[in-house]
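If you want my numbering, it's the 1-based position in the sequence shown plus 15. Shown next, in structure tokens, is the structure this report addresses.
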Amino acid sequence: MKSWHRPLLICAGLMCALMFVCLAGSLIDDRTLLGESVWVKPLKFGFAFGLYAGTLAWLLSKLTRGRRVGWWVGCVFAGAATVEVGVITLQAARGTISHFNADQSDPVTLALVPFLTYGVMIILIAQLIIGIMVLIQRTAGPALTRAIRAGLGLATVGMLVPLYWMVTDIHPRTVTDANGARIPMYQGHGIGDPDGHGMPLTNWSVTGGDFRVPHFFGLHGIQVLLVLTAVLAALATRYAWLRDERVRARLVGAAALGYSGLVAVVTWQAARGQSLIHPDAATLAAFAATALVTALITAWTIIAARRAVRQATDAGPRPLIATSV
């Protein structure tokens with residue numbers, strides 16, 4: 016890990032420490048905000064940013080060109096993420112709303128909201144720059160490169176979805192914070208159910224759509240694909256048909272296609288004001304179609320790889336041609 020991006024590693028470490036603080040806070044502090052402990056939101060953000068910062072710290076060490084630019088962009092991402100989660104945590108400790116807070120009477124909120132507003136844009140721009148740098152160079156073997164490129168693309172989509180929702184469909188309303196104060200808000204997480212809550216831990220809406228669903232799936236697609244790549248590499252030591260790097264790359268590509276379909280379906284589902292756990296027939300059909308296409312591509316890749324290994328085994332080694340002088 017000595018070659019990993021140090022500021023991003025520090026950011027990931029801070030997020031991990033924050034998770035323990037928030038867990039302790041949720042146990043000893045009984046205040047609630049929008050139906051959940053005031054410490055749940057910083058806990059979730061600490062987990063998400065910690066995992067993603069650790070992934071980027073490793074990824075930037077794989078760059079073969081533009082390493083200095085990558086290092087500085089990683090520093091910007093780490094700083095913006097730390098400030099973003101720090102503001103969320105401070106507002107949680109105060110028992111009030113962080114995102115979408117339109118309260119003009121609270122000087123602390125007025126001072127902190129710009130950090131949340133512009134911090135998101137800085138994080139997104141840094142993410143886009145890193146994504147472009149990875150796209151224009153080969154950072155590893157075919158399978159790992161495909162996982163990284165697809166994962167960064169999914170993460171970018173995951174960040175853009177909530178931004179699009181926030182600026183295109185405004186739902187102002189007033190809620191009560193943990194201190195009993197009435198707080199005006201200019202937007203909400205839910206679609207159809209503005210406050211969007213109900214599911215355990217995630218607090219995603221059970222009565223309407225919720226843009227946090229595609230945001231979560233998109234943001235963490237890169238970790239799913241990287242784990243799959245590692246598993247395929249480990250299985251290649253046991254199965255001959257997986258030893259060809261191109262076969263593993265095709266399987267990763269099939270998984271990336273299926274995961275992209277999943278993100279598209281949950282985005283479409285949320286946009287129609289439908290809860291993740293209450294899909295209608297159209298949503299179930301879309302999920303089924305995505306799974307079927309992914310399964311067919313995967314099966315075709317496996318069958319072709321096994322056939323190629325079997326044919327190579329049956330052909331055997333080429334006989335040596337004896338020559339005489």
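We put the CB at the ideal spot given by N, CA and C, even for glycine.
Residue 72 to residue 24 span [Cα, whole Å]: Taking the sequence shown and counting its residues from 1, one reaches residue 72 at position 57. Taking the sequence shown and counting its residues from 1, one reaches residue 24 at position 9. Approximately 6 Å between the Cα atoms of the pair.
Three-pair Cβ contact test at 8 Å for the region 84 to 99 versus the region 265 to 280: No: fewer than three Cβ pairs fall under 8 Å.
Boundaries of the alpha helix (DSSP H) in which residue 198 is found, first to last residue: The residue given as residue 198 occupies position 183 in the sequence shown. For residue 198, there is no enclosing alpha helix (DSSP H); the residue is found in the beta strand (DSSP E) stretching over 197 to 200.
Closest residue to residue 293 among 91, 90 and 219 (Cα-Cα distance): As a position in the sequence shown, residue 293 is number 278, starting the count at 1. Nearest of 91, 90 and 219 to residue 293, Cα basis: 219.
With 16 other Cβ atoms within 10 Å as the buried cut-off, status of residue 311: On the sequence shown, residue 311 is found 296 positions in, with the first residue counted as 1. Residue environment for residue 311: exposed (fewer than 16 other C-beta atoms within 10 angstroms of its C-beta).
Simplified DSSP assignment, three categories, for residue 225: The residue labelled residue 225 in the question sits at position 210 within the sequence shown. It is a strand residue.
The region 77 to 88 in contact with the region 103 to 118 per 3-pair CB rule at 8 Å: Output reads no: the region 103 to 118 does not touch the region 77 to 88.
Inter-residue spacing [alpha-carbon to alpha-carbon] between residue 325 and residue 317: Along the sequence shown, read from residue 1 onward, the residue named residue 325 stands at position 310. Along the sequence shown, read from residue 1 onward, the residue named residue 317 stands at position 302. Each residue's Cα considered, the two are about 12 Å apart.
Residue 281 and residue 239 closer than 9 Å at C-beta: Numbered from 1 along the sequence shown, position 266 holds the residue referred to as residue 281. Numbered from 1 along the sequence shown, position 224 holds the residue referred to as residue 239. Not in contact: residue 281 and residue 239 (Cβ atoms no closer than 9 Å).
Reference residue 197, options 48, 44, 243 and 237, closest by Cα: As a working note, residue 197 is residue 182 in the sequence shown. Comparing Cα positions, the closest option is 48.
Closest by C-alpha distance to residue 74, when choosing among 290, 152, 199 and 95: On the sequence shown, residue 74 is found 59 positions in, with the first residue counted as 1. Among 290, 152, 199 and 95, the Cα nearest to that of residue 74 is on 152.
Identity of the residues DSSP links to residue 58 by a beta bridge: Along the sequence shown, read from residue 1 onward, the residue named residue 58 stands at position 43. Looking at the DSSP assignment, residue 58 forms no beta bridge with any residue, so it has no partner.
Cβ contact check for the region 188 to 202 and the region 137 to 147: 3 or more pairs under 8 Å: Of all C-beta pairs linking the region 188 to 202 to the region 137 to 147, fewer than three are shorter than 8 Å, placing the two stretches out of contact.
Which of helix, strand or coil DSSP assigns to residue 52: As a working note, residue 52 is residue 37 in the sequence shown. Correct three-state label for residue 52: strand.
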